[in-house]
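Number of protein chains: 2
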Amino acid sequence: MKIAIDAMGGDCGLTATIPATLAVLEAYPDITKVHLFGHETAINKALDSAERILANPLLRQRLQIRHAESQVNMADKPAKVLRERGESSMFLALRALAADEVDACVSSGNTGALIGLARHCCGTFEDVRTVAICAQLPNLNHPSYLLDVGANVDCTASQLHQFARMGCGLVSSLYPLDQRLGQKPKVRALSIGVESGKGNQAVTDAVALCADDASMDFAGLIEANQLLMDDCDVVVCDGFTGNIALKACEGTADYIRSYAQQALSENPRQSSGVEGPSERLLQAMQTARFNGAVLLGLRRTVIKSHGASDAIAFQAAIEKAIILEQGELTQKMMKQLS
Amino acid sequence: MKIAIDAMGGDCGLTATIPATLAVLEAYPDITKVHLFGHETAINKALDSAERILANPLLRQRLQIRHAESQVNMADKPAKVLRERGESSMFLALRALAADEVDACVSSGNTGALIGLARHCCGTFEDVRTVAICAQLPNLNHPSYLLDVGANVDCTASQLHQFARMGCGLVSSLYPLDQRLGQKPKVRALSIGVESGKGNQAVTDAVALCADDASMDFAGLIEANQLLMDDCDVVVCDGFTGNIALKACEGTADYIRSYAQQALSENPRQSSGVEGPSERLLQAMQTARFNGAVLLGLRRTVIKSHGASDAIAFQAAIEKAIILEQGELTQKMMKQLS
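From first to last, the protein sequence lines are chains A and B. Following the numbering used here, the numbering of the first sequence begins with 66 at its first residue and continues without gaps. Following the numbering used here, the numbering of the second sequence begins with 66 at its first residue and continues without gaps.
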C-alpha cells in the first residue's frame, strides 16, 4: 500500500507529519511507500534530524519526497485555492491520488480547500451531490460515526439520507458483514427529541427516507446527550449541527481533562506512581486517538486530520487511512451507493 | 416573595418538588409563601411524611395547597394542552402568576406546554415574537447563558438579535451593572468557525445586527468547543443548535462522570476517606446545580426545571427563580427590550 502525505499541512506542519509518518512505517511493514509532498529541502532537513531515521536509516528507502513549491494556508479561502491551485503540497498529493500513484491521501490542512481540491481531482460517486466529513465519536463503548460535521451547512432530507448510506458504506468497510453476524449498520438521525416529528423539516423527512431504506437498520432519532452512550453505528445530521455537537463533546472533555490535570497536580501523592482514576480517565479521553475524519462521497480515500494535530494525532489519521484501504472503503462505498 | 410550584410536573413529581420546596423554605426566610399546585390529597400525604415537616411543623404555615384536578403529562402535545387547558396544576400555577398572586413560577413539566401556557397566561413583551429558553452553561470559570436551547427550531437573524438582547437583560438582573464596573454584557454567536462569514445566513446577518447594538459588547463568533471555557456572558443560537450543544456538553460530562465513578469503585483505597481528584471532579460536575432554565420574553418570571429533576435539581430551579426575582428580571428585561 502507498500513502500520500501533505507534509506541510496543519498548524504543526513537518513537526507533526514527519515523526508520524516514520512511526507508521515502523509499525506497518506492508506500507511499501509513503510519498511526502512538500518543500524538499525542509523535508530532508526534518528527516536528517529525525530520531527514527538515525536509529533505522533503512526507513528512508520507503519514503519518496515530492517537491511542492507552495502550500495551502489555513486562512486561504477555498474558492481562491481551487481557482488558482498552483503547485501546493495538498494539490499535488491529491493529483497523485487521482492518478493512482498512491492508494490514499492524508492532510491536516485547510478543510474547505481539501474538500474542493479532492472533489476536483478525484471526483465523487455518481449521484453524490456533496462530500461529507465523517468523524468517529469519542464513544468508548461502541465506535460510532457522525456525519456531516462541517462540509454542508444546510442540508435537504435527501442529502441526510445519502449521508446515512455513505456512513453505512464506511462501517461496512471497517467491520465486514460477516464479523457483524449479518447485521446491517444501525443508523440514527440527530435531533432535539426522540419522539417522531421532533426537529426541523429536513430531519423529519430524512427519517421517512431512512426508515424505507432496506440497506440499513434505521433506529430513529437520537438526542445529543446520548451520542457517547448509544450503540448505533452511524448518526446523521447537517454539517452545522454535526460540527456543533462534535466540538461541544470535545470541548467538554478538554475542559474536564484540564480540571483533572489541575486536581492531579495538587495531589502529588496520587500522581507519584499510583495509577488513580484521574490518570486513567486522562488516558481514556486522549482525543488524539480518534483523529482522522473521512471525506465521504469521493471516489478515493482522503483523510482529514485535525488542523491542530500533533505527531500522535497525525499518526492516528494515517492509520485510519490504512484501515479503510484494507477494508476496501471505495469499493464498499460504490456498492452501498449504487 | 411568593412562588408558585407546579408540584405534579416532571418525571419525579411530588418526590422531587415537595422536598425541594421545604428545603427552600428553610433556607430563605423571606419567602413568605409557596403555593403548591397539584392534587390536594397527594400533596398533603407527601407533606405528612416529609422529614423537614416532622422536624419543623411551622414550615407548613408558609405553604398554600391549591388543588388541581389534572396535570399536564410529559407526552401531551403542547397544541392540545393549550387548546383544552383544563384545570391542570401547570395552568393554574401560571394563571396565579398572571393574576399577581405570586412573583414567579417553577415547573419541571412538559416544555412545549409550559411555554404555550405561559405565553397565553402572562403574555410577552412588546415586539417579542418568540419566547426563548435560556440555560446556564456548566462553565465553572465564568457563568454564561446560552439561548435559545429548544423553543425555536428555525430562527431569523432578527430573532437571534432579540435573543442577544434578552440574554443581556437576564445578565443585568443577575449582576447589577455597578458590580460589573460598568461593563456591558459580553455576547457571542455560536457557529462552526470564528472567522467572519462562518456559519449559515441567519448567523451572519445576526452578527451584523448585534455588532451595531450599543446595549451589548458583541465579541463575534464562538465555536462549540469553547463554550465551557470562554468568558462571555451570553451565547446566542437557534433552538435546534442550542439544544444540541447543551445536550452534547451534558452527555459528555455524564459519560465521563460514570467512567470516573467506575474507576473510583475499582480503587477503594482512594475512595475511603482520601478526597481524590475524581471525587472533586464529580462534585464540580454535579450538573444539578446548573438546573433551572429561564423562559425569556415573558412578562413574568417562569423557570423550567429539567424534566428528570430530582429534589436537589428542583431546589436549584426554585433558587434560580428567587435570585431572578430579587434581581428584578422583568423590570430589567423591559428596560433592555424597550
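The C-beta atom is built at its ideal place from N, Cα and C for all residues, glycine as well.
Taking residue i as the query, report the chain B residues whose CB atoms sit under 8 angstroms from its CB, ordered along the chain.
i: T306/A; result: F305, T306, I309
i: L225/A; result: Within chain B, no residue comes near L225/A; the closest Cβ sits about 14 angstroms away, beyond 8 angstroms.
i: G215/A; result: I257
Pick from the options: whose alpha carbon is nearest that of residue i?
i: I108/B; options: L119/B, P122/B, T80/B; result: T80/B
i: N356/B; options: K312/B, G392/B, G258/B; result: K312/B
i: K385/A; options: S280/A, D168/A, Q129/A; result: D168/A
i: D319/A; options: F305/B, S330/B, C302/B, A289/B; result: A289/B
i: A364/B; options: A85/B, E105/B, R127/B, R194/B; result: Residue identity differs from the one stated: residue 364/B is Arg in this sequence, not Ala. That would be R194/B, whose Cα lies nearest to the Cα of R364/B.
i: L293/B; options: Q227/B, C275/B, P203/B; result: P203/B
i: D259/B; options: D165/B, A197/B, A284/B; result: Sequence inspection shows Val at residue 259/B; the Asp mentioned does not correspond to that position. With distances taken between Cα atoms, V259/B lies closest to A284/B.
i: G304/A; options: Y324/A, A267/A, V272/A; result: A267/A
i: S223/B; options: R322/B, S154/B, I321/B, V272/B; result: V272/B
i: K374/A; options: R148/A, G174/A, K110/A; result: First, the residue type needs correcting, since residue 374/A is Ser and not Lys in the sequence shown. Cα-wise, what sits closest to S374/A is G174/A.
i: Q201/B; options: N217/B, V89/B, D192/B, S370/B; result: S370/B
i: E116/B; options: G215/B, L87/B, T317/B; result: L87/B
i: H100/B; options: I257/B, L159/B, V214/B, L211/B; result: L159/B
i: S256/A; options: G215/B, L211/B, L225/B; result: G215/B
i: Q396/A; options: S330/A, L235/A, V252/A, D295/A; result: L235/A
What residues of chain A sit near residue i, judged by a beta carbon separation below 9 angstroms?
i: D219/B; result: N265, Q266
Under the assumption that residue i contacts residue j (Cβ atoms under 8 angstroms), give the Cβ distance between them as a whole number of angstroms.
i: C297/B; j: S237/B; result: Not quite, the Cβ-Cβ distance comes to about 15 angstroms (not below 8 angstroms), so this is no contact.
i: I70/B; j: V171/B; result: 6 angstroms
i: V359/B; j: C199/B; result: 5 angstroms
i: R125/A; j: F102/A; result: No, R125/A and F102/A are not in contact; Cβ-Cβ is about 16 angstroms, not under 8 angstroms.
i: A254/A; j: C220/A; result: 11 angstroms between Cβ atoms; not a contact.
i: D282/B; j: Q227/B; result: That pair is no contact at about 17 angstroms.
i: C314/A; j: S280/A; result: Not quite, the Cβ-Cβ distance comes to about 28 angstroms (not below 8 angstroms), so this is no contact.
i: I383/B; j: A85/B; result: 6 angstroms
i: L212/B; j: V301/B; result: 6 angstroms
What's the C-alpha gap between residue i and residue j?
i: L394/A; j: L239/A; result: 8 angstroms
i: G310/A; j: A381/A; result: According to the sequence provided, residue 310/A is Ala. The question's Gly does not apply to it. One C-alpha to the other measures close to 22 angstroms.
i: A378/A; j: I83/A; result: 12 angstroms
i: A181/B; j: G307/B; result: Sequence inspection shows Gly at residue 181/B; the Ala mentioned does not correspond to that position. In a straight line, the C-alpha of G181/B is about 20 angstroms away from that of G307/B.
i: F156/B; j: A140/B; result: 16 angstroms
i: L286/B; j: K98/B; result: 43 angstroms
i: D278/B; j: P250/B; result: 12 angstroms
i: Q129/A; j: A72/A; result: 12 angstroms
i: N121/B; j: D113/B; result: 12 angstroms
i: A133/B; j: Q291/A; result: 35 angstroms
i: D270/B; j: K145/B; result: 35 angstroms
i: E340/B; j: E105/B; result: Residue placement at E340/B cannot be trusted, given a pLDDT of 45 that sits under 50; what the coordinates show is reported in the next sentence. Each residue's alpha carbon lies about 44 angstroms from the other.
i: S336/A; j: Q326/A; result: Interpretation of S336/A is limited by its pLDDT of 45, a score under 50 that renders its predicted location unreliable; no figure is taken from the coordinates.
i: A164/A; j: D76/A; result: 28 angstroms
i: G338/A; j: I387/A; result: For G338/A, the pLDDT reaches just 41, beneath the cut-off of 50, and the residue's location in the model is therefore unreliable, although a value from the coordinates is still provided. In a straight line, the C-alpha of G338/A is about 36 angstroms away from that of I387/A.
i: V137/A; j: A197/B; result: 42 angstroms
i: E152/A; j: G74/A; result: 14 angstroms
i: G362/A; j: M231/A; result: 7 angstroms
i: I118/B; j: K67/B; result: 19 angstroms
i: R127/A; j: Y93/A; result: 11 angstroms
i: T176/B; j: A183/B; result: 10 angstroms
i: M398/B; j: A229/B; result: 12 angstroms
i: A111/B; j: S135/B; result: 17 angstroms
i: Q401/B; j: G392/B; result: 14 angstroms
i: S403/B; j: D192/B; result: 9 angstroms
i: A376/B; j: G78/B; result: 10 angstroms
i: V218/B; j: A178/B; result: 16 angstroms
i: S154/A; j: A161/A; result: 11 angstroms
i: T323/B; j: T317/A; result: According to the sequence provided, residue 323/B is Ser. The question's Thr does not apply to it. Their Cα atoms are separated by approximately 15 angstroms.
i: H207/B; j: G372/A; result: 28 angstroms
i: E390/B; j: P143/B; result: 27 angstroms
i: R150/A; j: E166/A; result: 20 angstroms
i: V299/A; j: L123/B; result: 57 angstroms
i: V252/B; j: L205/B; result: 18 angstroms
Using a Cβ cut-off of 7 angstroms, pull out every chain A residue sitting near residue i, in sequence order please.
i: L293/B; result: G316, T317, Y320
Below 8 angstroms on C-beta distance, what does residue i contact in chain A?
i: K145/B; result: Those within 8 angstroms of K145/B in chain A number zero; the least Cβ separation is about 14 angstroms.
If the cut is a Cβ gap below 9 angstroms, which residues of chain B does residue i touch?
i: L255/A; result: I309
i: A289/A; result: N308, I309, A310, L311, K312, A313, C314, E315, G316
Please report whether the beta-carbon of residue i lies at a distance below 8 angstroms from any beta-carbon of chain E.
i: I388/A; result: No chain E appears in the structure shown, which is made up of the protein chains A and B.
Can at least three beta-carbon pairs, one atom from the region 250-267 of chain A and one from the region 172-192 of chain A, be found at a separation below 8 angstroms? Touching, no.
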